[in-house]
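Residue numbers (the working numbering): 5 to 341.
Think of the CB as a built atom: it goes at the ideal place given N, C-alpha and C, for glycine as much as any other residue.
Because the structure is a prediction, the values reported are computed rather than measured.
Below, the structure written as structure tokens:
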């Protein structure tokens with residue numbers, strides 16, 4: 005009987021240990037699940053910034069920070085997060101200088117670090133949290149064959165830029181997934197446009213600002229008549245031909261963007277943020293009108309004006325069809341997706 009009772013006691017102790025172990029396993033699993041659920045909730049709460057048509061994002065070259073401009077109040081505020089810290093520059097996680105910016109939708113922005121001794125440019129992708137406190141910087145590809153790029157514009161999944169190096173004056177299309185050039189063509193026409201510093205796309209038309217000379221400024225910041233100021237052009241995505249719309253009236257208009265149906269730009273020489281008309285007859289001679297003094301050292305601006313595919317042919321398709329074999333190969337990849 006004593007031996008029998010001892011065996012029963014050992015068996016009961018073993019069952020108790022197993023139950024305790026099971027309870028501990030269940031407790032551990034529950035803790036892990038709760039932690040995962042908490043992370044998921046936090047991630048869902050940390051959504052990306054989606055620009056409204058009353059907001060414009062810019063890159064302030066003086067502070068190495070993004071700035072958000074409110075079109076309703078005509079005031080700008082610097083975001084706290086720095087995108088170009090010294091440590092990040094040293095280890096290659098952040099660009100040395102972003103000279104252009106565009107909005108790709110869904111809270112994604114693209115910028116290009118350009119003009120370096122390698123004669124290449126690097127594409128970067130930025131995501132900003134909706135509370136404006138966090139910025140994610142991602143390098144896209146290993147650099148593409150174009151340099152001295154002062155402007156980039158997003159349209160239908162493709163980025164457009166003008167290669168200003170060594171008087172090339174070439175319009176290039178860059179794939180947002182690979183960061184590589186998939187098509188290029190010379191900007192032509194009788195307009196004499198050189199060195200495009202701003203690009204903006206709307207309703208099937210690519211607009212560009214080009215400056216040849218700063219000229220002399222009036223007291224209101226605009227340039228005197230007859231001096232070479234920045235002018236606004238249209239650029240045909242199929243032929244590359246540039247057509248003059250008119251003088252903006254301000255020098256070094258280094259960035260353009262649409263917010264809603266309105267075109268905006270910044271003038272570095274006039275320290276001005278501009279509203280720019282699309283038709284010369286709607287103005288008194290110059291297309292540009294000063295809204296505020298936000299403009300000095302703003303290297304790129306991005307507004308929300310996603311093209312409606314139903315209103316016009318896809319711009320990327322039009323460009324690639326006219327870009328030769330490289331463009332046709334890129335076009336095939338787009339339809340294979």
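Note down, in chain order, each residue of its chain lying with its Cβ closer than 7 Å to the Cβ of residue 317, except the 5 sequence neighbours on either side. In this prediction, residue 317 has a pLDDT of 47, which is less than 50 and means its spatial position is unreliable; nothing more can be read from the coordinates.
Let me check one thing: in DSSP terms, what residues is residue 302 bridge-paired to? Within the DSSP secondary-structure output, residue 302 pairs in a beta bridge with 64.
Restricting to Cα atoms, I'd like to know which of 114, 79 and 85 is closest to residue 2. Only positions 5 to 341 of the chain appear in this structure, which leaves residue 2 out of reach.
By the DSSP assignment, the beta strand (DSSP E) with residue 74 in it spans what residues? Run containing residue 74: 69-74, per the beta strand (DSSP E) assignment.
Please report the Cβ distance between residue 205 and residue 159, rounded to the nearest whole angstrom; I am assuming they are in contact, meaning their Cβ atoms lie under 8 Å. The pair is a contact, with the Cβ atoms about 4 Å apart (cut-off 8 Å).
For residue 159, the first and last residue of its enclosing beta strand (DSSP E): In the DSSP annotation of this structure, the continuous segment of the beta strand (DSSP E) that includes residue 159 starts and ends at 156-159.
Say whether chain D places a C-beta atom closer than 8 Å to the C-beta of residue 307. The displayed structure is made up of one protein chain only, and chain D is not part of it.
State the Cα-Cα distance for the pair residue 87 and residue 168, rounded to the nearest angstrom. If you take the alpha carbons of residue 87 and residue 168, they lie about 25 Å apart.
Top-ranked residue by Cα proximity to residue 136, from 85, 147 and 173: Closest in alpha carbon position to residue 136, among 85, 147 and 173, is 85.
Decide if residue 247 is buried, meaning its Cβ has at least 16 other Cβ atoms within 10 Å, or exposed. When all chains shown are included, residue 247 counts as exposed.
Based on the DSSP secondary-structure assignment, which residues constitute the bridge partners of residue 116? As a beta-bridge residue in DSSP terms, residue 116 pairs with 127.
Per DSSP, what kind of secondary structure is residue 285 in: helix, strand or coil? It is helical.
With residue 215 as the anchor, note down where its beta strand (DSSP E) starts and where it stops. Where residue 215 is concerned, there is no enclosing beta strand (DSSP E), because DSSP gives it neither an H nor an E.
Is it right to say residue 27 is buried, meaning 16 or more other beta carbons lie within 10 angstroms of its own, or is it exposed? Confidence is the limiting factor: at residue 27 the pLDDT is only 48, short of 50, which leaves the residue's position unreliable, though a coordinate-based value still follows. Counting Cβ neighbours within 10 Å, residue 27 comes out exposed, since fewer than 16 surround it.
Since residue 293 is in the beta strand (DSSP E), which residue starts that stretch and which ends it? Residues 292-296.
Pick from 79, 68, 123 and 76: whose alpha carbon is nearest that of residue 101? Closest by alpha carbon: 68.
Does DSSP put residue 309 in a helix, a strand or coil? In the three-state scheme derived from DSSP, where H, G and I count as helix and E and B as strand, residue 309 is classed as coil.
Whether residue 199 touches residue 214 by CB criterion (8 Å): Contact: yes.
For the beta strand (DSSP E) that contains residue 251, what are its first and last residues? Unbroken beta strand (DSSP E) run through residue 251: 246-251.
Identify which residue in 117, 269, 166 and 253 has its Cα closest to the Cα of residue 259. Taking only the C-alpha atoms, the option nearest residue 259 is 269.
DSSP three-state assignment for residue 235, whether helix, strand or coil: The three-state reading of DSSP puts residue 235 in strand, counting E and B together.
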